[in-house]
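*Asks:* Numbering (our numbering), first residue to last: 183 to 353.
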């Protein structure tokens, strides 16, 4: 028995699965012959398939759509989790423990307990210990805020200075 050529149809398969976000929002709810116009169905050569071959193709397509949808949803969940963790670094025991590298917006006039520092990334940190760095005045200095090895403390350091100050994130 001669098998029909599916090559024109197979050329378009990547279009079905290339956009993970689209696949995550749409599911194939009916058979391919209902998704295509009669002209598209005939032009693709699918009208030459036996009912069993068409059923097998439909089952494969629906399985592929489910698989791609699950993969896209998993990727979206992982990306959302990372965004939430990054956004909430420094709050309690939540988020990533990676250092925060940023720039203090405006003038830095040294460390002093109770002083607040707004970073370029929008975070606001407050110094909670009496460490000092007197006589310093810099515009928009680079800053690193690192978590302590033990506990949930964070320490701020201005580039070019060895002094660190214990801080907590307030916004």
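Note that the Cβ used here is the ideal one computed from N, Cα and C, for glycine as well.
1) So, at 8 Å on beta carbons, what are the nonlocal neighbours of residue 352 in its own chain, with the 5 sequence-adjacent residues on each side left out?
2) Report the residue from 257, 304, 241 and 271 whose alpha carbon sits nearest the alpha carbon of residue 286.
3) Please state the DSSP three-state secondary structure of residue 235.
4) So what does residue 264 bridge to, in DSSP terms?
5) Of all the options 300, 281 and 292, which has the alpha carbon lying nearest to the alpha carbon of residue 328?
6) Could you check which residue in 236, 215, 348 and 253 has the C-alpha nearest to that of residue 315?
7) Measuring alpha carbon to alpha carbon, tell me which residue in 232, 333 and 215 is nearest residue 243.
*Replies:* Looking at the coordinates:
1) Numbered from its first residue, the chain shown carries residue 352 at position 170. Taken in chain order, the residues that qualify are 298, 306, 307 and 308.
2) Within the chain shown, numbered from 1, the residue matching residue 286 stands at position 104. Considering only 257, 304, 241 and 271, the residue with the shortest C-alpha distance to residue 286 is 304.
3) The residue given as residue 235 occupies position 53 in the chain shown. Reduced to three states, the DSSP call for residue 235 is helix.
4) Residue mapping note: residue 264 aligns to position 82 of the chain shown, counting from 1. Bridge partners of residue 264: none, in fact.
5) Position 146 of the chain shown, counted from the start, is the residue given in the question as residue 328. Measuring from the Cα of residue 328, the nearest candidate turns out to be 281.
6) If you number the chain shown from 1, residue 315 lands on position 133. Nearest C-alpha to residue 315: 348.
7) For the purposes of this step, residue 243 is identified with residue 61 of the chain shown, where counting begins at 1. Closest by alpha carbon: 215.
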